[in-house]
Structure formats: structure tokens, C-alpha cells
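Just so you know, the protein sequences line up as chains A and B, in that order. Residues in the first sequence are numbered from 1062 upward in steps of one, following the numbering used here. Residues in the second sequence are numbered from 165 upward in steps of one, following the numbering used here. Think of the CB as a built atom: it goes at the ideal place given N, C-alpha and C, for glycine as much as any other residue. Step one of this worksheet: look at the structure below.
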Amino acid sequence: MRRVPWHIAFAAGAAVALASAAAIATAQSSPPDQTAAAHATYVGMQACQDCHEDQFKSWEHNPHHGSQIDSNPTGKKEVECESCHGPGSLHVEAGGDKDNPGFHTIRNLKTMKADASSEVCATCHRTAEQFHWKSSTHARNRVACVDCHAVHSPKDPGGQLLLQATGTSELCLRCHTDKRSQVAHVSHMPVPEGGITCADCHNPHGSPGPHMIRGASNNELCESCHMDKRGPFLWEHPPVREDCLNCHEPHGSNNDKMLVTKRPFLCQRCHIATRHPSTLYDLPDLTASNRTRIVDRGCVNCHTQIHGSNHPSGETLLR
Amino acid sequence: MKRLRQIQWALPAMIVLSIAAACPVFAADGEVTIGSQWYNQTTREPKWFDEYRDITNGPMIESFVILDKIDGGRYSLTGTNVLKHDQSEALMYRRPRFTVGVSYKEIPHNLSWNTKTPYARIGPGVYVLPDAVQRRIQSDSASTPARTADLQSLLAGARTEPMGFRTDVTRALLKGRIGNGLQLDIRGSRRMRQGDKTYSITLGGFSNVVEIPEDINQQIVTGEAKLSYVKRRCVIEVSGGLEGFINEVDALIVDNPRIASDSTIGSSRGRLDLYPDNRTVRGALRAGLELPHHSVFNAYAGISETKQDDRFLPYTINSALPVFALPSPDAHAKAVTVTQDYRLHSSPSRFLNTTLRFRRSDYENKTAFHTFPAEILYDQSVVVGDIENERFEYARSTSGVDLDLTPVSRLVLGGTAEYIWRTRSIREVTKDKELAFEGHVNYHPSISGLVLEGRYRHGDRRLNHTPIEELADEREQPNLRRFDVGDRNQDWGRARLGFQPNGRSDISAYYEYIRNKYEDQRLDGIGAIASPTDTIGQLGLLDETRRNVGANVSYELTKQITLRGGVGYSKLYTNQRSRTSPATMTQVADSTWQARIVDRFVFGNAAVEWRPKADRLSFGATWELERTPTSYDLSSIGLRPRAQDLPSTEYRRMGAGVEGWYQLEKGTTSLGLRWNWEEFHVQDFQASVIPLLYPAVNPTILFMADNFRDYRAHILSVMLRRTF
């Protein structure tokens, strides 16, 4: 019997799963009880000021303040409290009485489920940086916008990014604690020093690339700053062209240039044919003559153009 | 000079302070922190201490923030380390429907303050030695004490040439809502990189290598515009951009210390081609469509074309060698990258989330083919014969489905199935495919604040064939399997615990395990396929295992005291096997050797914050330790003498700091004092004991001694913070 190519089966299975999910949803899902909220009306932001004085103070320099949007649910152009928190008439009428059902008709993004609260932000933030949010790893893991952003009390200097921490990297490292130790390796990118941040390489809102990187591939990302390595070269070094991460560990390593291991062992993972690439370099070689391959940059002492060469005599990456 | 430096500091400091002083008058809000610092370092050494920082004695503007309204809009002006070489400033101006911003940042990368070179720079990328020295060394016989003595004498006069470069990044953006549903986002950047770093060049095989400064004077310019349109359930975005890389130094030209005049046995100079200019045009289209049942479909298609047509250098700079014609004035190099990404995400109910996705990235190399009549290695050895360049290109496709179920409110069960297939040209493996499955569980038990997370992934990558013939064509060992294109079994697991029992404490811990086993099962137990005498089996990287474990704690002891701490440990074990061969490749087991390298990393930190009078007085103290021992266990079969392990390496850094702030005037003025201490220890046969001339007998390399060094450092800072 001729076997069906497994990937076709895989795609078909996935399609069936998705269709089933949709069918289940039709049968099971029911809208949340919005009865009370449905009767609330928009009352304007002045009604909020009496009770929420702190939020009003910080609102003055908030990037949302004064901005005009096209899809404002309040019907006004400018962003106000109710643009995010929903119509507030019943909440105002409750006068702070938490036993009054009307009190809870206001949206509190911190207590809402992650996807529901993020949906509120996505009313306006649907393009550019946030385009891929819904299918991002963060969204899948139920990270909400308000887990990282503090709209009313940002901690970043000037509060223009509305962050929950004093800096972007500091914010990311709260959850990605393993990376906190990785960027502390002796060979590291200038993340702890603030030269770059996690968000320079990753888009925490999602991206079409792997691992939410700001590039379609690892190389495209790395080459956006290290454009000298982009080539294309006359003589390419294929594993370099295919993936920088074959040799480099971008979050930090114990080795020079954030290499995954020391040279010459790194090079000898792939080159072992004859003569010097195949030689074992051990302790006696540290003092022996003519052993240029184990000290300093190892093989790259001579094969300087390891990322590729454009020299007519550069086939062996010496020129 | 000192006075000039003081003026240079005093003037801008006064300007910023005047602005800060005037801000209250104009009703601006903000904060500025100024001060002065003194540092001391036992050995001037940038590695770690100021590798990416500009640490100087004297006054500083540590940070400032100014927020105000102007002409119906709002602006923010922020900055850190103003006028130092690690400064950053940003100005953002927001109007109701658009935002304009500019920012500037300097990122130093100091490599060494101690490097030395006997070379003199006479132009961009051109380094020379005195002719007399070259002639004298040339007249010495090779491998004689006289030559060594002459080289030592040359290096005795070497001058200190600090190595390092700085990247200055300027960015600008304009974004706005230009019409009903239409948004425009325009960004541009300029990245200047200037300075030097150590580079090397061989001027005659292994017997004559010199390390010299590489002049860096590079510029990257980018521009991008995005236009998006949002209409109810639909989002469309079109973007286009230009990028350019300009290298002002095309080549590195270096005098040969051993040869004064060109001859057929060697060149008086060497010439190395530095990175060529390139330019890229890119465009992309994104579309998002909201579908029924809380579903969304996102599509992305992007294309970019990079061209590189830097003029070829001649085959050699050696005037005594024959001249060969170049087949073309430049490489006519061109590469096209096409990326597609499609995702269908659906959350049809609160019990279920699914994503169906497909991504493909193609790197198409359209560089012209050239046939070179000769090749001249290190400006010395002429290899005559038609030498052709090759085009390397590849494609990578990933399709997958993610499914998350929430059977009960506190439990999420998820699964992913992913299929990755890759194709490429030139290399011994042209096709491979990987099937991976991942499962995860996320559990919030009824105990308040507890989160348990587990994740496991297994991937199985297989080649489409056994690449024996292709490796033979490359004149490589037939039993070599290159790790990046070889069979691979990957296991990855991760467990995480988070616990926030109350608003005062936060505990988290994680464990991660990754194992890559690069095993070609067709070689297992049967020895070599190609050679019956080879009983060792697979060569190359055989397996690597990484384990990471760590924990972090934060605890608010009282309203006044908060404690924080963390520990981390990671261990990376790699095992690779290789084989020594003379000029003619041998496949005998007797010449096999193996390297087992263990990289460890120990990390710990602790901090305490104490606010005895919350509105008046606060203290903080920090401590951290990083230690990275690595061992190199080498073994061999039949090699004489048997392999001897390389010495273990270790990098260790410990730092501590205390900081105190006293509020002089409530809500406006505070005085701070900060002291930081740091100790660094290094032991690395490859990076901490490199001499200028190596080895001691019959030296073959002139290094710049770009070494890591032990140091101990203190920084004392006094600061004044004004809030307005």
C-alpha cells in the first residue's frame, strides 16, 4: 500500500483539529454575563477624577494623554479613562460601594483574564509592533499586556514605554531568570551595561521570526547591526551564512566572542580531514613551536576572514 | 589640558543644570541626577570593568528626565551618562495624532588598554615597520637566535596602542494616524562604528603571523516606512526599506617583519580585504484578518535583495609574483531573501486555543560565477589553475500546530507538533527534516500564588542520505557528521515554579535540560562504512548536554526592609571526536582523539533595601558573583605521546556595592553616596598569558598581547538629585 506522505496527513489532522475546535466552540461558548455592563453609559473622565486622584496625576505625562484614535469606543477622538475601562456610569453611581453590582461593571485590566485584558489594548494597538501579538509565544502563555506595562504608574524613566520595571531588560529578566545568569557571563552583549536591551533583538509582542526575534531568521537579525558580515561574499563559509548560532551563543558564554566553545575545538567539530585541522592540540602544544592554532584566536589567527572573504585569493579565508 | 577638560565638563553641565533650574518656571516636570565620581583600578583593564562603559573621574550627569507640554503637544527628554562615551539621550514629542522622536546613544566596546604594537599607522589600514628593521631581520637566517633577538628588539620599542571602538547610534521616527484607519510609521537610523580592534594576518603560513590593529570606520544607514490600514476586522500593512553598509577602510596593508623586499619566496607586505560595502532593499506585506469564533489569520511575506559590488583587490600585493587578470572587476554578488509566515490562531472557547502555522525562509544566492586563473595564498604561494566560486543558498520551512486545553480553570495542557525541513546547496547534506513534539503543563493549584510549569520537547532530525561520497569529494573523513547538518536527537525539558504567597514575597525556581545527540545510527556499532579498518565509528561533535538550575527570592521583611537574592548554576558538557591525519588522509583508529569539555557557570546575587525613614533616608546594598570554570579532558588512541589535558580555565568576578540617599528637601532634593567594589580573576591559557612574541624559541607570531588581567576596582560616587 502506498503510504500517504506524513506531512499531508499532519496538515489534514491539524485542519480537522481546528475545524473540530470551531465546532465545539459554537456549541459550548457562551458570552460572559454583560447584562449590567450593557446598561452602562459613557460619562467622561471628569467623573473619575474625584476618586482616582493618583491616576489623574500620572495621566498628565502619560503617552496616551491627548492622543487621538480612530476606533475610540467612547465616540470621542481623544483617549480617556473609558476608552480602556469601558462605560463608567454604573461604576460612578455605585460611589465606591463594592457590594453594588454596578461597581464591577468597570473593566479592571489587572483582574481580567490575560487574553481579555490584552484584547482591550488591541483595540488600538493592532499594527506594527503588536501585529503578531495574538499568535505570539507570550500570548499563548497567557502573558497579558498589563503584566509588563503599567499604564498609570510606569517605572521606566520618563514613563514613555509604560513599563513595570526601570528598564526593558530588567523587565524581561524578571521572568526569564535563566537569561539573567547568561548575560552575566564574561563574554556577553552589553545588556547588563544598558548598551542594548532584550527588545533590540526580540519583539516581546511577537514576530514572524523564531523566538520572537526582530528578523525573519537569526542571521537577518544579527546582520542588522553586524552588517559587515552580510556579504554576500565571493567565498562564503556556509555554516556562517546559514546560522550565526552554529558558532555563537548570543546570550553570553565562557569563550571569546561569545563562541560556543574555544577554538580550535570549535573549528575541529567540522574540519578534521588532514594536516593541521585534524591535529590534536594539547598541553605540550602550548609551549611547542609552530603551534599557532591553540593560542589567542586559534585557527582564526590565520583564517581571519572566517565570516567570508571577497578577495580573489581568499578561498581559504586567509585574505 | 586638564583645564580644557574641566571646561569641557563644566559648560554642558551648567547648561543642563540651568535647564533643570528653569524647568519649574516653565512648569515642566522631571528629575536630574548629577554628581562626581572617583575610581581606582589596580590594573587598568577594560575586560568586564569598563568593556561597555565609560568610567572616568570627575563630574557626571547621571540621568535626567524632563516632561512638559508645548504647543498642544507633550514632549519628554531623557538621558543618561550625559557627555560620557556611553551616553544616551532621547527626545519624544507627541501630538494628538502623531509622534516624532530622535535618540542618540554611544556604545563603547573597550577591548584592551595594554595592547602593544611595533607598527606605525601611516594611513587608514596601512601599518609599516622601519625598513632597516625588516632588512636586518631578513638578513638573519631563519630559526636562529639572531632573528629572535632582532624580533625582541623590535618589540622592545613597541608602543602601547589601546584597542576598542565605539558605536554611535542615531535614530529618528515619525509615526502618525494620517486618516481614518491609516497609520504611517517612518524610521531611520545611522550607526557609526569607529576605533580599532586586534586583527591578524598570515604572511607566510603558520611560521609568520602578525597581529595588528584593524582600523574600523564603518557606517550603517537604514530607513523604513510602514503604512497600515485598519478596518474593523482587517489590518493590512505595507512596508519598504533601504539599508546600506559603508566601510571606509577597504583593506589592511601590513609590512612583513621578516622580508624587506618583494621576492618570489615572500612578500614585503601583506594585504587583507576588509568587509565589503553592501546595500539592501526590502519590502514586506502583512495582513491580519479576524474570523468568526475568536479566530485570527495573519500572513506575512517579505523580500529583500542585498547587493555587493566592491571592487576586487588584485590577487596579491607582492610585485615579484606574476600578474594574473581578474575575470571581473567585482563579485557582482547578490542575494535574495524571501520570507513567508502564515498563522491561523483560534480561541473558539475558553477551553481551547489552537494555532496552525507555516513559515518559510529562502536565501537565494545570485552571485555571478567567476573563474580565477590562480590563487596566491598569503601573498606568497602561487596556486595556478581554474578556481571557481560557488553559490551557497538554503531554505528552511517550519510547519506546526499548537493546541492548548484548559480542562479546569487552574490547569492548562498544551501540545505542539512541528515539522522542519531544510534544503541547501554545496554542503554534504542537501536535505534534512526534523519532527518535534512538545508538551507543556501549567498548573495554578488552589494555593494562592503558586504556579507550576513543565515543558518537554523531543526532536528527531534525520538526513535524506548518508553523505559519504560528498565528504569524500570534500576530502573529509567519511565518518564525520557535522553537527549542524547531521542527524540529531534533541531532548529539551524545563520545569519552573513560581510562588507568591502574599504581596510581600516572591519565590521562583527553574530547571532546564537540553541534550543534543548527533548520532548517525547507520554508523552505530558497525564502524566505518567507507573503511573496514576504521572501527571507531562517528567523528565530529557527538553530543552536548546543558543543565541549568536556579532560584530567585524576594522578600519584604518589613515595610522598611526588602531582601532579594538569586543563585544559578549551569553546566555544558560537550564531547567531540577527531582524527589526526598527515597530508594524505588516513582512516585508522589509531590516530583518533577525543575532547570532553565541561563549561560550568556559577552565579549568585543578593541585595537588601532598607528605608528607615521612607520619605527621608534609604540604603541599598548588593553583592554578586560569577564564576566560570572550564575543563578540557583530552584522550587519544594510539597517538604518541598520549593526549595531555589542557589546563583548566577560570573567570571569576565578584562585585559589591552600597548606596544611600538622604532627602535634603522633601520631594525635591536628595543627596546620595554610592560605593562599588569589583574583583576580577582570570586564568586562561588562551587569553591571559599571551606574550608579544610567541613561542619563546623560534617565534612565529607577533601578538599585541590582548590579554585579560586580574584587577580590583573601586568607584565612589556622590550624587545630588533634584526633582521638579
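When Cβ-Cβ separations below 7 Å define contact, Trp656(B) makes no contact with chain A. Contact between the region 1117-1133 of chain A and the region 1213-1220 of chain A is present, with at least three C-beta pairs closer than 8 Å. For Glu640(B), no alpha helix (DSSP H) run applies, since DSSP gives it neither H nor E. Close partners of Asp566(B) in chain A (Cβ separation under 7 Å): Arg1201. Residues of chain A whose Cβ lies closer than 7 Å to the Cβ of Ala495(B) are, in chain order, Leu1295, Asn1371. With a beta-carbon spacing of about 7 Å, Tyr583(B) and Gly564(B) fall inside the 8 Å limit used to define contacts. The beta-carbon of Asn462(B) is placed less than 7 Å from the nearest beta-carbon of chain A. When DSSP states are grouped into helix, strand and coil, Val1181(A) belongs to the helix group. Secondary structure note for Val385(B): its beta strand (DSSP E) is the uninterrupted segment 373-395. The beta carbons of Lys1195(A) and His509(B) sit closer together than 7 Å. Taking C-beta atoms as the reference points, Gly1219(A) and Pro260(B) fail to come closer than 7 Å.
Chain-order list of chain B residues neighbouring Pro1134(A): empty, with the shortest C-beta distance near 13 Å, by a criterion of under 8 Å. If the five residues before and after Ala770(B) are omitted, its C-beta is found closer than 6 Å to the C-beta atoms of Gly729, Trp787, all from its own chain and listed in chain order. For the options Ser1197(A), Cys1109(A), Val1252(A), the alpha carbon positioned closest to that of His1146(A) is the one of Cys1109(A).
With respect to the C-alpha of Gly1157(A), the residue from Thr1172(A), Glu1180(A), Asp1111(A), Arg1201(A) having the closest C-alpha is Asp1111(A).
The region 831-842 of chain B and the region 792-811 of chain B do not touch, with fewer than 3 CB-CB distances between them shorter than 8 Å. Within chain A, the C-beta atoms nearer than 9 Å to that of Glu790(B) come from Ser1242, Ala1245, His1246, Val1247, in chain order. Residues of the region 468-481 of chain B with a Cβ closer than 7 Å to any Cβ of chain A, in chain order: Thr470, Gln472, Asp474, Phe476, Leu477, Tyr479, Thr480. Per DSSP, the beta-bridge partners of Pro793(B) are Glu814(B). Using a Cβ distance threshold of 7 Å, Thr531(B) and Arg555(B) count as a contacting pair.
The C-alpha of Thr562(B) lies about 15 Å from the C-alpha of Ser1268(A). Under DSSP, the beta-bridge partners assigned to Val547(B) are Glu539(B).
Residues are counted here when their Cβ sits less than 7 Å from a Cβ of chain A; for the region 698-722 of chain B these are Leu703, Gly704, Leu705, Asn712, Gly714, Asn716, given in chain order. Among the bridge pairs identified by DSSP, Trp656(B) is matched with Arg621(B), Ile678(B). DSSP places Thr444(B) inside the beta strand (DSSP E), whose first and last residues are 442-455. By the neighbour-count criterion, in which a residue is buried when 16 or more other Cβ atoms sit within 10 angstroms of its Cβ, Trp757(B) is buried. Secondary structure note for Glu1231(A): its alpha helix (DSSP H) is the uninterrupted segment 1229-1236. The criterion of a C-beta distance shorter than 7 Å is not satisfied by Asp797(B) and Arg741(B).
Cβ-Cβ separation between Ala1101(A) and Leu1151(A): approximately 4 Å, consistent with a contact (criterion under 8 Å). For the 7 Å CB-CB criterion, Arg639(B) and Asn680(B) do not form a contact. Under DSSP, no beta-bridge partner is assigned to Met1319(A). Rounded to whole angstroms, Ile1274(A) and Cys1233(A) show a C-alpha spacing of 14 Å.
A Cβ-Cβ distance of about 7 Å is found for the pair Ala1189(A) and Ser392(B), placing them in contact under the 8 Å criterion.
Annotation for Leu1282(A): the continuous alpha helix (DSSP H) segment containing it runs 1279-1286.
Assigned with DSSP and collapsed to three states, Phe663(B) falls in strand. The criterion of a C-beta distance shorter than 7 Å is satisfied by Leu705(B) and Tyr682(B).
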